[in-house]
Structure formats: structure tokens, C-alpha cells
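Q:
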Ligand code: DGJ
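Numbering (this note's numbering), first residue to last: 2 to 728.
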């Protein structure tokens, strides 16, 4: 990797083996993007901005003849002086005038990646990255913006962020600080994003980007199941295996906006950042504001290439480093077995059987502190209901530990019920607007994490449970979108800051707890995958991906999230059949195989399983434990299927010695079932034996000729292939 400058110091080329990112300070004043894409050895100036004289536009003092700011490839654009496209930056000055004009000041190379104060961000050791800092200023307004570009040695990714400083004498209001803005040359692009709903997360949307502005967003307070803070712009011919893909993701868990504008000439501008509609930040003289980090990802190897870049970055440079290489325990979660109706007797019965079957962690989900068996009361009090669990959590943990299993506990630390002592004592701790009724969501209000004393309370609750060292795992849930977004503690000039301050407060709590209890495994959850984002992944090494545990639906949900997240980050549970969410009946084998390449666990009432089912579960767990070590670090592929009746995935061991491939046949359709599937990521020089049939194949043969897909007279059927290198 390197950061190189032209002789006059005005062009900078950031590159590694995979990508190049080239910027120019035109006339030493205007920062523009020259190129982002596949690596070039050396940049000689190709692709310079070029203009014809034309009407209905503006003129500028610039050495480029006929320049028009209307389609100038500004690196960090603002409105008001000739660029009418989507702005990345907007500031209101003390006069009330919204205007800012940034001028380039200089480049600086940093050997170490700077930390982002108060925010989760990718991290790296010295020597693994290089960072370019670009300084731009508006001397009249008194604004300095530092733009950061961190390139990693090993993949085609760049981490981007901005720091804004008030270097003048007037109070400023930041209205919009996008985490990056990127100019792509005029060409056809498809735009791809993930949309969803509760229990229906991770659906792929792909369409041709047309003229105008395409956008997705969340204004729900969190990143939401409705849209992921992610999108990709790609060659319309690109596939899972081939073609150019630019992927973008925001490392943030709150309201976001992601946009792409195709301008009058077909040039494209892409951006992602905090949603400006729910953001306004007062920046007084001497103060600084740090925008969240975004990831720019380039792959010339289709969507799988993009996914593997994200997987690598998130696994080795974003999630808690203590869990990168740690094998994740096979857990049994109590939710679908007990819901709110938990008891010591049930715990003992389930844990005893779970242990016998090989599970390693028992997770006590919701219900343990509730006054009754519903979500109506008690949230926020966090006192164990002794009638349900005599001796409290200490006794429950001791019981589970005595069975030789780890103990995990569910919390929803950000919420409070109206019917709770906490709310009765501190009604001012909930988000609310004076005079208006607070809207409930799952009978909950939201605690105002922008208040220090509220954060201290949440930390003290968690400390009280975690200090004793009896809790090995915490599931951190959050079950409603935000309403009445106001803090009683913030003055009127700072009301626009609450959404972002909430997220900063959440990160502060997560940072404190994970640093204080580094061995405790944290699983993020929000009504399933409603806040599955890279911000949460920085603290929670795994995330519950959906409340929908139906294996058929899971083929779509897990594949969707696998666009960004490594399989180990995704909780995938084998549950009971007929499935509680969909009523669908799917075989135990299929339920297991769909979870097997991910972070597999169980969530079902073991006392309702037959002895055959239990011995099958024991076999599954034994098999999974043997494989999870390499599966956790494997390259995951979404393989191309011959038609929409199949979902095909494979995981290839890091050293290419082994591969597990899953073919999910959705329905039995005799007339459309003679396709082939081609593997990916194997070593073409190696020969592999398929463990089931004992047949041998060349790696090249498996990837080019492909394997014929068998036919089973069963809906929702899985074929599993296990290839091991022949020696
Ligand atoms: C929503 C989660 O997604 C479920 O797994 C479960 O923990 C419930 N909340 C408990 O209330």
C-alpha cells in the first residue's frame, strides 16, 4: 500500500494491490476526485475533467477552460456556489445564512489510523494501514474540515470520515456532515440495497440507477430493519462472481441517509452519513465534531468479492478483537421454548438436556424480571422475579454452571415501561415532548441515553449483574422505533442533536461494558435484525439476525445479510417445527444445514423433542464443533443457482483444503431440477474428494464444469456436499 504525490504535490494516489483512489487539488483550491477503482500502477493524469462551453450554468476562476461546477467532481461538495447536486456538507452561520465554501489547504500522511472519538470505527495495528488527512477550510466562516482516508494493506477497502472544527469566532450549526461523497464517471450503474421488515429482514433490491436522486434512509432512531445503512453501485452486467461493484456502508447505528444522484450528464455522486433531517449540531468556537466512519469497498469480482472484503474488514478490524479467533459456543436460547414464562424448573430441565446434547451456553431470554408473563410491565427495574426464579439470577447462573454450561442473560437496557418503578421515580428519564402523550412501542418508552445520569444508571444495572463473573454472555435487545425524540435535559439550541447524542450515549455504555468485561460475549439484537449494523458489531461479536427462525425464510435473510456481515457474526438458530413464525414444517436436517455455515445455536423446547430428534441434535452439535474452527474464518460464497428454486452457499477453508456447500431445494419440481452448480474459491490445482459419494474431482472441474444438482421428492430439502483435498 502507498500514498504518493505528484511532483507539484497537488495530486495524491492512494493505492494497494487492489484499488487506487486519486484526488487532485485543482489550482491548489478545489479538491476533486480523479479516480476510484481497480489498482493502477502509477497515475499519469488520465480521466481529467473536460468541459465544453455551455449555457445556463456558472463561471468560475479556474485554470480548466469552461469549467462548470454543475458537474465538477467535488470530493466534499456543498451548495450555494454552482454545484446543485446533493451536498455532503451544510452549515448555518451565526447570521442565519446557510453557506460554506471549502478550499483545499493541504495533504498529510499519518502512519497510524486515528481513532474516532466516541464512535465505533475500524482499527488496525501500526503497519497494517496508511491514512491520508486532507485539510480544507472556509476562512470566512471559520470552518476547518479534515477528511480521512485509511487504506488497508490486504483488501480493496478504504475507511472514510470527517472531522469538522470551528476555528473562527462565531457559533455554527452543522446541518449535514456526510461521511463520504464519491464521484463516479458517467456510465450505467445498478443500485443494490437491503430492505426489510420485522421478521423479514435482508431482502435485496436491485435496479438500474436512473437520472435524479435515489435514496434510502432510516429516521426511526436506529439503523432499522427497513433499510440497511449500505448500498452498492455496480455494473449492470455484474453477477455474484464477476463485474465491478462499489459497496458502501456506514459504521453507525442511528438515523442515516444513503443517496446516489445521476446528474444531467450521467455522472454519479454517492453519499452516506447521518440523516440530515434529524440532525443539527451546534458547534461553538474551539469545538470539533466527528462524523461516523464509512467504508468504501471496490471489487472487480462481483458481489462475492465485495462481501469478502467487508467480511474480512469486519472480522479482523471491527468486531471485538478478543472474539475474532475465539470459537463461539453452541447455545440454547430459552425464548421460543418458554417466552416470558420462565422458571427454575424449566431451566433445569432444558439445561440438563442441552448439556447432554453438547450445547455449551444456556441463554435465559426475556421474562426473568417481569411481574407477569407479558411485555406490559417491569422494563427498566431489572430485579429478578423471585417467584419465577427463587434465589434470583445468582441461583439460575449457579444452576446452569453446575450442569457444566456457560450462562447467558437477556437485557433490554434502553427501554422503560410506564408500569415500572424506574419510570415512576424518574419520569424525566424517558424521551418525551412536554405536554404530549408518549407513544408506546411494545409497552415501552425509550430511555434518554443523552443524559449522563441515565447512562450511569444503565451501567450500574449491568455492573450489578456482571461484576460477580457469573454471566458469560449478554443478549442486548432493543424492541421499538423512536418517537417524541426530545431530551428534557438539552437546551433549546441543542434540540437537533438528540438523535445523534442518543447513539453516542449508547456507544459510551457499550464501550464501558465491553472494556470492563472483555471476556463476556455480547450478542446484539433488536427485534431480530432491526439494528444489525457495523456500529453494533464493533461491540457485539455476534448479532441475532431475525425473529423469523423458519429455515426457508432464513435462506433469504442470511444470504441478504451475508452481503456485508461474516457468517460468524450472524446468530442462526435451529427451532421447532411447525415454525412459530410461519407455521411451516421443515425437516430437522434442513433446519440444521441452513444454520450450519453461520453462528449456529438452538432455540426450541427440548422436552418436546423425540429421542430420535435429540440424538440427531447431538450428532449435529458434534459435527458442528469439529468444523466451526475453520468455518469461522472461511471464505463464504453465495453460489449462482441454475434457477430461483435453489439457494446455494459454500464456505471454503482459508487454506482451500476443505469446502462445505449447501444446496437448498425450495420446492420439489421435477421439471426444473437438472441444473448444475459451480463452486468458487477452490484451488484449481487441487483434487478434492466429496465425502458423501467418495467421488474425486479437480478443483478446476468443480469450479468450471460444476456438479449436477440431485433431485429429492421433498420441499425445503437440503443437499450438503463436503469436499476435502485429496492427498
Ligand atoms: C426480540 C428478540 O429478537 C427475541 O429473540 C427475544 O429476545 C424477544 N425480543 C424477547 O422479548
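Every residue, glycine too, gets a C-beta built ideally from N, C-alpha and C.
Please read these numbers as outputs of a predicted model, since none were measured by experiment.
Residue 298 by DSSP, collapsed to three states: which one?
A: The answer is strand: DSSP assigns residue 298 an E or B state.
Q: For residue 136, report the span of its beta strand (DSSP E) as first-last.
A: Residue 136 -> beta strand (DSSP E) spans 130–139.
Q: Between which two residues does the alpha helix (DSSP H) holding residue 700 run?
A: Its alpha helix (DSSP H) spans residues 700–705.
Q: Is residue 385 near the ligand DGJ, going by C-beta to nearest heavy atom under 7 Å?
A: No; taking the cut-off as 7 Å, the Cβ of residue 385 has no heavy atom of the ligand DGJ nearer than that.
Q: Can residue 460 and residue 394 be called in contact, C-beta distance under 8 Å?
A: Taking 8 Å as the Cβ cut-off, residue 460 and residue 394 do not qualify as a contacting pair.
Q: State yes or no: is the C-beta of residue 756 nearer than 7 Å to some heavy atom of the ligand DGJ?
A: As shown, the chain starts at 2 and ends at 728. That puts residue 756 outside it, with no answer to give.
Q: I'd like to confirm something about residue 409: is its beta-carbon nearer than 7 Å to some heavy atom of the ligand DGJ, or not?
A: No; taking the cut-off as 7 Å, the Cβ of residue 409 has no heavy atom of the ligand DGJ nearer than that.
Q: From this set, 175, 40, 84 and 334, which residue's C-alpha is nearest residue 69's C-alpha?
A: Nearest option by C-alpha distance: 84.
Q: Among the residues of its own chain, which have a CB less than 7 Å from the CB of residue 495, if the five just before and after it don't count?
A: Only 283 meet the Cβ criterion.
Q: From which residue to which residue does the alpha helix (DSSP H) around residue 536 run?
A: 535–538 is the extent of the alpha helix (DSSP H) around residue 536.
Q: Relative to the C-alpha of residue 669, which candidate in 12, 680, 719 and 374 has its C-alpha closest?
A: Answer by Cα proximity: 719.
Q: According to DSSP, is residue 316 helix, strand or coil?
A: Reduced to three states, the DSSP call for residue 316 is helix.
Q: Quick test of your reading: residue 680 and residue 640, contact by CB under 8 Å. State the CB separation rounded to the nearest angstrom.
A: Contact flag correct, Cβ pair sits at about 7 Å.
Q: Across which residues does DSSP place residue 259 in a beta bridge pair?
A: 217 and 273, per the DSSP bridge assignment.
Q: If you check the beta carbons only, do residue 412 and residue 477 fall under 8 Å apart?
A: For residue 412 and residue 477, yes; Cβs fall inside 8 Å.
Q: Skipping 5 residues on each side, what residues in its chain have a beta carbon closer than 6 Å to that of residue 153?
A: Within the same chain, residue 153 has close Cβ partners 130.
Q: Roughly how many whole angstroms lie between the Cα atoms of residue 113 and residue 20?
A: Each residue's alpha carbon lies about 20 Å from the other.
Q: Taking the C-alpha atoms as reference points, what is the distance between residue 244 and residue 186?
A: The alpha-carbon atoms of residue 244 and residue 186 are separated by roughly 16 Å.
Q: Taking only three categories from DSSP, how would you classify residue 336?
A: Three-state DSSP puts residue 336 in a helix.
Q: Which runs of the alpha helix (DSSP H) spanning at least 4 residues fall entirely within the stretch 344–410, listed in chain order?
A: Fully enclosed alpha helix (DSSP H) runs of 4 or longer: 345–358 and 393–403.
Q: Using C-beta distances below 7 Å, list every residue in its chain close to residue 521, excluding the 5 sequence neighbours before and after it, in chain order.
A: The answer, listed in chain order, is 467, 472, 473, 474 and 475.
Q: With DSSP run on the structure shown, which of helix, strand or coil describes residue 617?
A: In the structure shown, residue 617 sits in a helix (DSSP, three-state: H, G or I).
Q: If you pair each beta-carbon of the stretch 218–236 with each one of the stretch 251–264, do three or more pairs fall below 8 Å?
A: Yes: the two stretches touch, three or more of their Cβ pairs being nearer than 8 Å.
Q: Residue 352 and residue 401: beta carbons closer than 8 Å?
A: Yes. Within cutoff.
Q: For residue 164, which of helix, strand or coil comes out of DSSP?
A: If DSSP states are grouped into helix, strand and coil, residue 164 belongs with the strands.
Q: Thinking C-beta only, is residue 270 closer than 8 Å to residue 86?
A: Yes, the pair counts as a contact, with Cβ atoms nearer than the cut-off.
Q: For residue 425, which of helix, strand or coil comes out of DSSP?
A: In the structure shown, residue 425 sits in a helix (DSSP, three-state: H, G or I).
Q: Mind checking residue 312: buried by the 16 CB within 10 Å criterion, or exposed?
A: Label assigned to residue 312: buried.
Q: Just to check my reading of the structure: residue 654 and residue 631 have Cβ atoms closer than 8 Å, yes? What is that Cβ distance to the nearest angstrom?
A: Confirmed, about 5 Å.
Q: Please find out if some non-hydrogen atom of the ligand DGJ comes closer than 7 Å to the beta-carbon of residue 529.
A: At least one heavy atom of the ligand DGJ is nearer than 7 Å to the Cβ of residue 529, so yes.
Q: Let me know the secondary structure DSSP gives residue 695 once reduced to three states.
A: Residue 695: coil per DSSP, three-state reduction.
Q: For residue 509, name the three-state secondary structure that DSSP assigns.
A: Here residue 509 sits in helix by DSSP.
Q: Are the CB atoms of residue 523 and residue 541 within a distance shorter than 8 Å?
A: Going by C-beta atoms, residue 541 is nearer than 8 Å to residue 523.
Q: Just grab the DSSP bridge partners of residue 228 for me.
A: Note: residue 228 sits in a beta bridge opposite 196.
Q: When burial is assigned at 16 or more other CB atoms within 10 Å of the CB, is residue 294 buried or exposed?
A: Residue 294 should be labelled buried.
Q: Please specify which runs of the beta strand (DSSP E), each continuous and at least 3 residues long, are wholly inside the stretch 515–567, giving them in chain order.
A: Listed in chain order, the complete beta strand (DSSP E) runs (minimum 3 residues) inside the stretch 515–567 are 522–525 and 543–545.
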